[in-house]
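Numbering (the numbering used here), first residue to last: 2 to 163.
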């Protein structure tokens, strides 16, 4: 009887371990980024503006305008901070990628070309996921409807491939 209890306990332990590994593997291969971040939530946009002002505006500009000559490489070989308004390329990226860029910085081979070097820091240890979403909502709130619709389509196409 003692052996049967030990066997049952071992089977349960192995089952729990297999389940845990399964959940870990599933989460590793599924997209943890957000779906479309809707900038129509005014409370979220207001929160995002404050976070943006305190963490992003020093490089990307108080009016989302980016740094001057943002397409021309600096002496370091890196590019200046781009604008996040409609004149930049932020709206060309799906929300999950924007989220990843803010949270983890620009990662060569993932959110940037291979061997790409950037001054964009990772904010994952400074901002919560909800705060990152709020910043993106704020940025997107400045885009005209046509640009926002194009970015939404990009986001939804990206989500359907994942």
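Where a beta carbon is used, it is the ideal one built from N, C-alpha and C, also for glycine.
If the five residues before and after residue 138 are omitted, its C-beta is found closer than 6 Å to the C-beta atoms of 38, 40, 45, 46, 49, all from its own chain and listed in chain order. If the five residues before and after residue 157 are omitted, its C-beta is found closer than 7 Å to the C-beta atoms of 37, all from its own chain and listed in chain order. Assignment of alpha helix (DSSP H) within the segment 51 to 119, counting only whole runs of 4 or more residues, yields 58 to 61, 96 to 105 in chain order. When Cβ pairs closer than 8 Å are counted between the two stretches, the segment 112 to 120 is seen not to touch the segment 128 to 138, the count staying below three. If you compare the alpha carbons of 64, 83, 66, 65 with that of residue 73, the shortest gap goes to 83.
Put simply, the backbone Cα of residue 93 is about 17 Å away from that of residue 134. With a cut-off of 8 Å on Cβ pairs, the segment 63 to 79 is not in contact with the segment 93 to 107, counting fewer than three such pairs. When the Cα atoms are used, residue 75 and residue 69 turn out to be separated by approximately 11 Å.
For residue 146, the secondary structure class from DSSP, reduced to helix, strand or coil, is helix.
Distance from the Cα of residue 60 is smallest, within the candidate group 110, 147, 122, for 122.
Burial state of residue 150 is exposed, judged by a 10 Å Cβ sphere holding fewer than 16 other Cβ atoms.
Counting only the Cα atoms, residue 109 lies some 27 Å from residue 148.
Rounded to whole angstroms, the separation of the alpha carbons of residue 53 and residue 124 is 12 Å. With contacts defined by Cβ atoms closer than 8 Å, residue 145 and residue 104 do not form a contacting pair.
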